[in-house]
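A.B. asks: Let me begin by handing over the structure; questions about it come next.
In this note's numbering, the protein residues as written are 689 to 970.
Here is the structure:
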């Protein structure tokens, strides 16, 4: 409750929380809020020449090249972005934390093998590696989430490894060793609790990165495949109408930026609250 109270006192963090809360609420309530089926191709959704309609009273955000309501597709696209963001980032944080804490706590050849593998993965550009992995598998929502997780765990592993190595050398850990405490007791009772704040911060910040990477993959045509709506593939499908129907690119683009910004603002605030030594560092 103290952390939440501190978050609410920060204007930027409060803005981020409101945006995240609004997007989550709209995504969950999409079947109730969306005025149309997101896949419904409506004859009245196109002009007589077959072009998309601009925003109007019937279609608040206009229609796309197939006469589908853009507002409805954005609402259901929010579901896709949030599911991938939470699932992919959850897998990445869990895997990175596991590798980092094992390498940092046990050290020796275990740390050498795990950290050299982590360094090897970090040497590859994340987007290029994600494109290669996505091209090897049939794209779907869960495959995209798994691919993103496989390229995002390395930063978490490196940070957790460094934190664990530092904690393992603290006096309270040495005292536990001296009285004969087992390694699992030390790990779960004394190391892990000190890593919670780091994991929470990286978990929050990582969702923003995941949302952006999912949008990039979908825009490149190797992410979530149509007709399943995602903000990235909405831009991909309608990019040829950028000059004549700019709303088809503008609205999903703004949605992506706002959600990523919101998670970054909340993550930055959590970093300052949970670790005061990082305050003001960027």
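Think of the CB as a built atom: it goes at the ideal place given N, C-alpha and C, for glycine as much as any other residue.
(1) Contact defined as beta carbons within less than 8 Å: I believe residue 895 pairs with residue 773. What is the distance between those atoms, to the nearest angstrom?
(2) Would you mind working out which of 814, 858, 725 sits nearest residue 754, comparing C-alpha positions?
(3) Is DSSP giving residue 694 helix, strand or coil here?
(4) At a threshold of 7 Å, does residue 755 count as lining the ligand MG (C-beta to nearest heavy atom)?
(5) Buried or exposed for residue 735, please, with buried defined as at least 16 other CB atoms from any protein chain shown within 10 angstroms of its CB.
(6) What number of angstroms, rounded off, separates the C-alpha of residue 927 from the C-alpha of residue 949?
(7) Over the uninterrupted alpha helix (DSSP H) stretch that includes residue 960, give me the two end residues.
(8) Looking only at C-alpha atoms, which of 806, 872, 816, 715 sits nearest to residue 845?
(9) For residue 897, count neighbouring Cβ atoms within 10 angstroms of its own Cβ and tell me buried if that reaches 16, exposed if not.
(10) Residue 886 to residue 960, Cα distance in whole Å?
(11) Between the C-alpha atoms of residue 728 and residue 710, what's the straight-line distance to the nearest angstrom?
(12) Find the nearest neighbour of residue 799 within the set 849, 703, 818, judged by alpha-carbon distance.
(13) At the level of alpha carbons, what is the spacing between residue 766 and residue 945?
(14) Can you check whether the CB of residue 822 is closer than 8 Å to the CB of residue 911?
(15) Classify residue 756: buried if its beta carbon has 16 or more other beta carbons within 10 angstroms, exposed otherwise.
(16) For the stretch 716-803, list the alpha helix (DSSP H) runs that are entirely contained and at least 4 residues long, ordered along the chain.
(17) So, using beta-carbon positions, are residue 810 and residue 790 closer together than 8 Å?
C.D. replies: Quick answer:
(1) Residue 895 to residue 773, Cβ: 5 Å. Contact.
(2) Of the residues 814, 858, 725, the one whose Cα lies closest to the Cα of residue 754 is 725.
(3) Correct three-state label for residue 694: helix.
(4) The ligand content of the structure shown is nil, which means the ligand MG is not present either.
(5) For residue 735, the number of other beta carbons within 10 angstroms of its own is below 16, and it is reported as exposed.
(6) Approximately 23 Å between the Cα atoms of the pair.
(7) Per DSSP, residue 960 is one residue of the alpha helix (DSSP H) stretching across 935-962.
(8) Looking at 806, 872, 816, 715, the one whose alpha-carbon comes closest to that of residue 845 is 806.
(9) With 16 or more neighbouring CB atoms inside 10 Å of its own CB, residue 897 falls in the buried class.
(10) Between residue 886 and residue 960, the alpha-carbon positions lie close to 11 Å from each other.
(11) Residue 728 and residue 710: Cα-Cα distance of roughly 25 Å.
(12) Of the candidates 849, 703, 818, the one whose C-alpha sits nearest the C-alpha of residue 799 is 849.
(13) Going from the Cα of residue 766 to the Cα of residue 945 covers about 12 Å.
(14) A contact, by the Cβ cut-off of 8 Å.
(15) So residue 756 counts as buried.
(16) 718-721, 758-794, all fully within the stretch 716-803.
(17) Their beta carbons are not under 8 Å apart, which means residue 810 does not touch residue 790 by this criterion.
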